[in-house]
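In this text, residue positions in the sequence shown follow this note's numbering: the first is 89, and each later residue adds one. Glycine residues also receive a C-beta, built at the ideal position from the N, C-alpha and C atoms. Values in this document were obtained by computation on a predicted structure and should not be read as measured data. Below is one structure, written out as structure tokens; comments come after it.
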Amino acid sequence: VPLRFYVSPDRTVTLNDYTADYSQSSALSAAGLQVSGGVQAASTQAVDILEGDIVPLQATIQNSSGADSGLLTAAFFAHAPGWGDWYIGSDFVTNLSAGGSAQLSIDWNTIGFSGNVPVKVVVNPYGRLTESNYDDNVSELTVTVVPAIAEQTISFANPGQRTLGDAPFVLKATATSGLAVSFTSLTTSICTVSGSTVTLVNVGTCTLRATQSGDAQHHPAPSIEQSFVVISTGGPQDIQFAELVDKVIGDPPFALNATASSGLPVAFASLSTEICTVSGSMVTLLQSGTCLIQASQSGNAEYAPAASQIQSFTIAKKTQTILFGSLSDKTFGDDAFSLAATATSGLPVSYVSDTPAVCTLIDNVVTLVGEGQCIIRAIQGGSDIYAAAADVSQSFTVNSSPQSVNVINFGSLPNRLITDSPFELSATASSGLPVSFASLTSATCTLSGKLLTLEATGVCRIRASQSGNEEYPAAAAVERSFTIRDFTKLDQTITFEPLLDKSLDESPFALTATATSNLPVSFNSATPNICAVSGNSVTLMAEGVCIIEAIQEGDATYNPAPIETRSFSVRGNTGPNPGTPTATPIPTGTPQPPTGNDIYLPTVRK
89 VPLRFYVSPD
99 RTVTLNDYTA
109 DYSQSSALSA
119 AGLQVSGGVQ
129 AASTQAVDIL
139 EGDIVPLQAT
149 IQNSSGADSG
159 LLTAAFFAHA
169 PGWGDWYIGS
179 DFVTNLSAGG
189 SAQLSIDWNT
199 IGFSGNVPVK
209 VVVNPYGRLT
219 ESNYDDNVSE
229 LTVTVVPAIA
239 EQTISFANPG
249 QRTLGDAPFV
259 LKATATSGLA
269 VSFTSLTTSI
279 CTVSGSTVTL
289 VNVGTCTLRA
299 TQSGDAQHHP
309 APSIEQSFVV
319 ISTGGPQDIQ
329 FAELVDKVIG
339 DPPFALNATA
349 SSGLPVAFAS
359 LSTEICTVSG
369 SMVTLLQSGT
379 CLIQASQSGN
389 AEYAPAASQI
399 QSFTIAKKTQ
409 TILFGSLSDK
419 TFGDDAFSLA
429 ATATSGLPVS
439 YVSDTPAVCT
449 LIDNVVTLVG
459 EGQCIIRAIQ
469 GGSDIYAAAA
479 DVSQSFTVNS
489 SPQSVNVINF
499 GSLPNRLITD
509 SPFELSATAS
519 SGLPVSFASL
529 TSATCTLSGK
539 LLTLEATGVC
549 RIRASQSGNE
559 EYPAAAAVER
569 SFTIRDFTKL
579 DQTITFEPLL
589 DKSLDESPFA
599 LTATATSNLP
609 VSFNSATPNI
619 CAVSGNSVTL
629 MAEGVCIIEA
639 IQEGDATYNP
649 APIETRSFSV
659 RGNTGPNPGT
669 PTATPIPTGT
679 PQPPTGNDIY
689 LPTVRK
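In structure tokens:
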């Protein structure tokens, strides 16, 4: 039975099962058996092996005689040109029982072999190899050993500066493989290449690329680029580029103007593309800042390149002013009221109390907390387009009340982590009477006196109250809320647009708010005597200031969102047009609109 060879994807050369018969013949084995002369047909299956590979050679031998074989060897040979059959290794089996088979193998280092290499395996009794049984028990496989593919690099010297009008010149570059190098021009408007000869066609920077694509023995070489300047023998030139006028963001695109003494066209480029861009000679303003414009002229056969000129100008933001009318004097104990100021930019105006001992501000609602002068400052901080407006202040006097009043001052509470320690609450009443506290969300926070303990993530609501005495009426209860977060959860925020003032006949209307978590947002009225909320629908109940809270309690992935509150004035049916900002007084006991997490509840005075 002839030996047959197989090659696996890992380049293992294998003789198949039931190939080399070992049976009785004229030659004796170490066990006294004879070697068959029946295995002599050669197999020639071409196999590609990369030079330098370590190739496993395997042969399966079967004893087709009726007796044990004793010690057998499989000797492997590779034919080396000029050397003949080169012994490359052997393997053995101590005994092969009748009808049994065994696989023998070696590793062949292919260094030094190339081309079509015959590989032989000879099966024989150990020490009994003779010329006759060598010929009888040999099979052959032709293996193609491919030389390893070598890396190569290119050496390409820079041609150096040239002058327009110079004669064509020959490039020189070599590859470590000895293979020929090719050239191309990457700037055909400046220089061209034919074969290895360069012709200069204009002034500027010439960039050339050298390549070598490789062959069967070499990988392609990494390309090499060289650049050099082509100068002109012509006369000098200069650029006249006048100063540029400052601009204001929002101004339309405008044209640049510059001339070269040569009469050649001038090109422009922006050196501050985040501030301004240039297309041709047109400049487009993007944002405020300093815009740098470069004017250049690259020359030609008659003129050398001109020195570039740079001009800059400032792009300013638009100006704006605040319109904030005067405020009338008040009496301590008067209801909270809303402010109305506008900016000429249309941007929203915010407010700050510069006298917090006399008056406090939440959103645009003023609450009187003491007697004296109240100073309110209107602020508009600007935007990408508008500069900040100058602050505008208005003041008024808070006069003494003819009767005693009782007002609670309970500051906002910051958001907390569930891991934070218990902390004490603090609030005062204008009457000087003690303030008591109660938790409205005992599942998330509990109170012992003034000591607040965090129990779970979510929204914690605290109510501050003062019941009054014979001299002072009960104060309006004040609620504060904050979120308790878990640092292992994701944070989220709520987007809740401002609400326009309404009249009673504009009821009901729908609310809209979204959370960055995409979880649903719910709504609550902090002033149920003024407005009621059912789902996302608001029903107006009475004149005053309506305060709406947007709430998202979180879930297993997200922390509760900070509560967003919006307030608006509710007027009678015959009041001003909806959306017209006015200063709206708030009836006695109506809570102040909160900012962030603040909530107020109305309480009827004695």
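Counted within 10 angstroms of its Cβ, other Cβ atoms place residue i as buried (16 or more) or exposed
i      : result
Ala395 : exposed
Gly660 : exposed
Thr276 : exposed
Pro324 : exposed
Asp451 : buried
Trp196 : buried
Glu637 : buried
Gln328 : exposed
Asn503 : buried
Glu239 : exposed
Asp57  : No answer is possible for residue 57: it lies beyond the span of the chain, which begins at 89 and ends at 694.
Asp589 : buried
Thr455 : buried
Gly140 : exposed
Phe498 : buried
Ala268 : exposed
Asp686 : For Asp686, the pLDDT reaches just 41, beneath the cut-off of 50, and the residue's location in the model is therefore unreliable, although a value from the coordinates is still provided. Buried is the call here.
Ile142 : exposed
Asp224 : Residue placement at Asp224 is poorly supported in this model, since its pLDDT is 43, which falls under 50; the coordinates still yield a value, given next. Its Cβ being crowded by 16 or more others within 10 Å, Asp224 is buried.
Beta-carbon contacts of residue i that lie in its chain and below 7 Å, excluding the five residues immediately before and after
i      : result
Thr407 : Ala475
Thr321 : Thr251, Leu252, Gly253
Ile237 : Gln305, His306, His307
Tyr391 : Ser320, Gly322, Gly323, Gln325, Ser350, Leu352
Met629 : Asn617, Ile618, Cys619, Ala620
Beta-carbon proximity list for residue i, same chain, < 6 Å, skipping 5 on both sides
i      : result
Ser489 : Thr419, Phe420, Gly421
Thr287 : Pro256, Thr280
Tyr560 : Ser492, Asn494, Ser519
Pro669 : Residue confidence is low: Pro669 scores 42 on pLDDT, short of 50, so the model does not pin down where it sits. Its coordinate-derived value is still stated next. Contacts found: Ala428.
Gly642 : Pro648
Asp579 : Asn647
Leu332 : Gln399, Phe401
Ala601 : Ile582, Phe584, Val609, Ala638
Val433 : The amino acid occupying residue 433 in the given sequence is Ser; Val does not appear at that position. For Ser433, where only same-chain residues beyond five positions count, the Cβ hits under 6 Å are Gln408, Tyr474.
Cβ shell of residue i (< 8 Å), same chain only, five flanking positions each side left out
i      : result
Asp326 : Ala348, Ser349, Ala394, Ala395
Ala531 : Glu543, Ala544, Gly546
Beta-carbon proximity of residue i to residue j, cut-off 7 Å
i      : j      : result
Leu192 : Asp179 : yes
Gln482 : Ser438 : no
Leu435 : Ser441 : no
Phe584 : Glu512 : no
Ala603 : Ile582 : yes
Cys619 : Val626 : yes
Gly248 : Phe316 : yes
Asn210 : Ala245 : Reading off the sequence, residue 210 comes out as Val, not Asn. Not a contact, by the Cβ cut-off of 7 Å.
Leu535 : Ser527 : yes
Ala598 : Ala563 : no
Ile496 : Val523 : yes
Arg573 : Ile550 : no
Min CB distance residue i to chain C below 7 Å
i      : result
Ser605 : Any reference to chain C falls outside this structure, which holds one protein chain only.
Presumed contact (8 Å Cβ cut-off) between residue i and residue j, rounded CB distance
i      : j      : result
Asn290 : Leu252 : 7 Å
Cys294 : Val318 : 6 Å
Phe334 : Ala404 : One point to set straight first is that residue 334 is Asp, not Phe, in the sequence displayed. Contact flag correct, Cβ pair sits at about 7 Å.
Cys447 : Val486 : 7 Å
Thr541 : Cys548 : Contact doesn't hold; Cβ gap of about 10 Å is too wide.
Ser360 : Leu380 : 5 Å
Lys312 : Ala298 : For clarity, residue 312 is Ile in the given sequence; the question names Lys instead. Sure, about 5 Å apart at Cβ, within 8 Å.
Leu607 : Gln640 : 6 Å
Continuous beta strand (DSSP E) stretch holding residue i: start and end
i      : result
Phe525 : 524-527
Pro310 : 309-319
Ile618 : Where Ile618 is concerned, there is no enclosing beta strand (DSSP E), given that its DSSP letter is neither H nor E.
Gln300 : 292-300
Thr378 : 377-384
Glu652 : 652-659
Gly177 : 172-181
Thr430 : 429-431
Leu540 : 539-542
Asn197 : 189-197
Phe412 : 410-412
Ala58  : This structure cannot speak to residue 58, because the chain is shown only from 89 to 694.
Contact test: residue i Cβ vs the ligand COA heavy atom, cutoff 6 Å
i      : result
Val354 : Of ligands this structure carries none, so the ligand COA is not represented either.
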